[in-house]
Amino acid sequence: MKTDVFKALADAQRRRILDLLRSRDGRSLQELTLYFRMSRFGVMKHLRVLERAGLVVAKKEGRFALHYLNAVPIQRIADRWISRFSKPWAAALVDLKSQLEKGGKRGRKN
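Under the numbering used here, the first residue of the sequence shown carries the number 164, and numbering increases by one thereafter.
Here it is in structure tokens:
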């Protein structure tokens, strides 16, 4: 599943679909197709990849399926991977800031 999420997020067109759904959820295939220079089938292919990764959920509404963003897999990646790598950098920046502020105060006294 994680591999599917990374694969889905690797493509710029799929990220654009996610951005469109983030700006307004519940879009039809027809509406999403208006934003791309590709066929309806191309957009459908990208939506299938996003659905398999769990990033998009389709809900049938009459004759159309509306597509909704599911940000949970992205949040899980952020919680598990990104935050793990950003914490040491954040701590190092806080330490650097403290050291620079101490050094700056000493410089003003002279």
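Here a beta-carbon is modelled for each residue, glycine too, at the ideal position from N, C-alpha and C.
{"Asked": "Helix, strand or coil at F169 [DSSP, three-state]", "Found": "helix"}
{"Asked": "Contact under 8 Å by Cβ, R179 with A171", "Found": "no"}
{"Asked": "Minimum C-alpha distance to L359 - residue among A228, W244 and I237", "Found": "The question about residue 359 has no answer here: the residues shown for the chain are numbered 164 through 273."}
{"Asked": "N273, buried or exposed, once every other Cβ within 10 Å from all chains shown has been counted against 16", "Found": "Since pLDDT at N273 reaches only 49, below the 50 mark, its modelled position is unreliable, and the value read off the structure follows with that caveat. N273 comes out exposed."}
{"Asked": "Rounded C-alpha distance that separates K222 from L192", "Found": "12 Å"}
{"Asked": "Nearest candidate by alpha-carbon position, reference Y231, set V220, L259 and F199", "Found": "V220"}
{"Asked": "Cβ-based burial, A162 [other Cβ within 10 Å; buried from 16]", "Found": "As displayed, the chain neither begins before 164 nor continues past 273, which places residue 162 out of reach and without an answer."}
{"Asked": "Segments assigned alpha helix (DSSP H), at least 4 residues, entirely inside the segment 182 to 270", "Found": "192 to 196, 203 to 215 and 235 to 240"}
{"Asked": "Rounded C-alpha distance that separates S202 from K208", "Found": "10 Å"}
{"Asked": "Nearest candidate by alpha-carbon position, reference L218, set E264, L184 and G225", "Found": "L184"}
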